[in-house]
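Colleague:
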Amino acid sequence: MDSKIEVTICLGSSCFSRKNRDVVTALQDLIVTKNLGNLVNLKGGHCFGKCSMGPIMIVDEQCFTEITPMKAVAIVESFVLNKS
Ligand code: FES
2 MDSKIEVTIC LGSSCFSRKN RDVVTALQDL IVTKNLGNLV NLKGGHCFGK CSMGPIMIVD
62 EQCFTEITPM KAVAIVESFV LNKS
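Just add 1 to the spot in the sequence shown (first one is 1) and you have this note's numbering.
If you want it as structure tokens, here you go:
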């Protein structure tokens, strides 16, 4: 089986103040409602040094900045589509 899509949300304090928590909640909901647990590995990471552009999300080593819940869901869904 192919490896999972690795999704890392920055949990640093600056990204926290920019509402990274809402992004985490949206992605957790996506994974549950679309049953993506076997395809997506969601985890938290330390500061990536791009605080002024946060919240930061890394997907399979690609960095995405100024992430909103909607953007995060769309990006992860596109990775899932590309993988299937
Ligand atoms: S706190 Fe998220 S990049 Fe620094």
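Even glycine gets a Cβ: it sits at the ideal position worked out from N, Cα and C.
Quick check: the Cα distance between G38 and N83, rounded to an integer number of angstroms?
Modeller: Between G38 and N83, the C-alpha separation is close to 16 Å.
Colleague: What is the DSSP secondary structure of T69, counted as helix, strand or coil?
Modeller: Reduced to three states, the DSSP call for T69 is coil.
Colleague: Under the three-state reduction of DSSP, which class applies to E78: helix, strand or coil?
Modeller: DSSP places E78 in helix when its eight states are reduced to three.
Colleague: According to DSSP, simplified to helix, strand and coil, what is L40?
Modeller: Looking at L40 - three-state DSSP - the assignment turns out to be coil, as it is neither helix nor strand.
Colleague: In the DSSP assignment, find the alpha helix (DSSP H) that holds C16 and state where it starts and stops.
Modeller: Residues 14–18.
Colleague: Would you identify the three-state DSSP class for C48, choosing helix, strand or coil?
Modeller: If DSSP states are grouped into helix, strand and coil, C48 belongs with coil.
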